[in-house]
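Engineer: Input: one structure, supplied below.
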Amino acid sequence: MVISETKLQGAFIIHPQRLEDQRGFFARTWCNREFSQHGIKTDFVQCNISFNKQAGTLRGMHYQAEPHAEAKLIRCTMGRIFDVIVDLREYSPTCTMWVGTELSQDNRCMVYVPEGFAHGFISLDDNSEVFYQMSTHYSPEHSRGVRWDDPALGIEWPVEVKTVSIQDQKYPDLFP
């Protein structure tokens, strides 16, 4: 694996390294030792799948508040998505900055989202599926979000947003 830190401290893009032969390929996607060396939490307690019927489906920007802040490991297992993370840590020099990357069934890359970040994505293909590993259990009373189109964040979504949930539309701007 190649583990590359983004411009947001503690957030990483993980690229599997393929060992290919006539059968296909083999690649590691998880190594507790390597992840720990980079400060990546490895004590995931829950996995989720998100299936998105239509390209242009946006989900986000979600996070959980303390004491149930969560780290996530995100991978697109079918289709393609544009995945976005936003640093919401008040003490961080990159607070309110975002990073976006394409995750796909072809590149098999993953994004590690540390605690204190909002996360969201837009599907680039019909029938896209996203697999999440979470460091804490879902806590509805700690579930939060910020608007995906908040001008203070200035996220540049690569395609037109066609579908977004009512709940995601109701999230507040970061600085109302």
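27 is the number that the working numbering gives to position 39 of the sequence shown; each next residue is one higher, with no gaps.
For each residue, glycine too, the CB sits at the ideal point set by N, CA and C.
Everything numeric in this text was worked out from a predicted model, so none of it was measured.
(1) In chain order, what residues of the same chain lie with their CB nearer than 6 Å to the CB of GLY88, ignoring the 5 residues before and after it?
(2) For the segment 31 to 38 against the segment 92 to 103, do three or more pairs of beta-carbon atoms, one drawn from each stretch, fall closer than 8 Å, so that the two count as touching?
(3) With DSSP run on the structure shown, which of helix, strand or coil describes ASN36?
(4) Start and end of the beta strand (DSSP E) containing SER92?
(5) Relative to the C-alpha of THR140, which residue among LEU76, TYR51, GLN10 and THR65 is closest?
(6) By alpha-carbon positions, which one of PRO128, ILE(-9), LYS(-5) and ILE110 ends up nearest to PRO4?
(7) Note the first and the last residue of the continuous beta strand (DSSP E) segment covering LYS150.
(8) Put GLN121 into one of helix, strand or coil per three-state DSSP.
(9) Can you name, in chain order, every residue of its own chain whose Cβ lies under 7 Å from the Cβ of ALA125, other than the five neighbours on each side?
Structural biologist: Result, derived from the coordinates:
(1) For GLY88, same chain residues with a beta-carbon under 6 Å away, outside a window of 5 residues either side, are PHE70 and VAL72 in chain order.
(2) Judged by Cβ distances under 8 Å, the segment 31 to 38 makes no contact with the segment 92 to 103, as fewer than three pairs qualify.
(3) ASN36: strand per DSSP, three-state reduction.
(4) SER92: member of the beta strand (DSSP E) spanning 86 to 92, first to last residue.
(5) For the record, residue 140 in the displayed sequence is Ala; it is not Thr. Nearest of LEU76, TYR51, GLN10 and THR65 to ALA140, Cα basis: LEU76.
(6) Residue ILE(-9) is the option with its Cα nearest to PRO4.
(7) From DSSP, LYS150 is part of no beta strand (DSSP E); its letter is neither H nor E.
(8) Strand, per DSSP.
(9) Contrary to the premise, residue 125 reads as His rather than Ala in this sequence. Annotation for HIS125: VAL33 and GLN34 place their beta carbon closer than 7 Å to its own, counting only its chain and skipping 5 residues before and after.
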